[in-house]
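If you use the working numbering, the sequence shown corresponds to residues 873 to 1067, in order. In this text, a Cβ means the ideal position worked out from N, Cα and C, and glycines have one as well. Report on one structure; see the data block that follows.
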Amino acid sequence: MTIAKRMTMQPTPRAKLLFLIGIFVVPVLLAYLAYFGLRPTAHSNYGDLLPVTPLQHTGGVSGEGGAFDLTSLRGKWLMVHVGPSRCDAACQQQLYLMRQIRIAQGKEQSRIERLWVVTDGGALSPALLQEHPGLHVWRPDSVAFVAQFPATVPRSAHIYLVDPLGNLMMRFPVQPAPKEVMKDLRLLLKASQIG
């Protein structure tokens, strides 16, 4: 067979059929593999995503002693510290980080509130509270409220995030990297149509 003859050969009907099937089947197979089998292991969030759970038992009292229900904070993102009234150095650091991370959100900071869930009946330090204007201090009526915050270390070691619908949805690592927390919050605020 000469080169000229080989170049003028037409594909057979069977080759055309296989080519057409390939055009339609290959993209479907690639999409299936991408969705079910070849997911990347890297993720963009720093905090641990938790199963989205609506918070229950939201009745309680504010730091001043008046009745306060957490549902009044719906519509805002909540950074939450859960811990005793005696605020040690780690607790103070968390409250400081929560304050600074909120401020760092610039014009979006009004979409974020900070909450300290006090897990005992002890007295709070007035000097500490003065350092954190706008911090909501709250004692739940039910111990079942605190049990909703999952942790393998003491809950007070984490900062938690509650979405504007009142769902617990994220937990930041112990001694979190502030820049990474800010990055997560920025992404959530940008993507969120609520709160």
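query	result
Can you list, in chain order, the residues of its chain whose CB lies under 6 angstroms from that of Asp1056, leaving out five sequence neighbours each side?	Asn917, Tyr918, Gly919
Would you mind reading off the limits of the beta strand (DSSP E) that contains Leu1040?	1039 to 1043
Under 7 angstroms Cβ to Cβ from Ser997, same chain only, skipping five residues before and after it: list those, please.	Cys959
How many angstroms separate the CA atom of Ala887 from the CA atom of Phe908?	30 angstroms
In chain order, what residues of the same chain have a beta carbon less than 8 angstroms from the beta carbon of Thr943, not counting five sequence neighbours either side?	Thr930, Gly1038
Could you give the first and the last residue of the continuous beta strand (DSSP E) run that contains Gln920?	The amino acid at residue 920 is misidentified as Gln; the sequence shows Asp. From DSSP, the beta strand (DSSP E) with Asp920 extends over 920 to 926.
My understanding is that Asp948 touches Ile984, with C-beta atoms under 8 angstroms, so please give their C-beta distance in whole angstroms.	What sits at residue 948 in the sequence shown is Lys, not Asp. Indeed they touch by this definition, with Cβ atoms about 7 angstroms apart.
I think Trp1010 touches Gly932, with their Cβ atoms under 8 angstroms apart; what is that distance to the nearest whole Å?	5 angstroms
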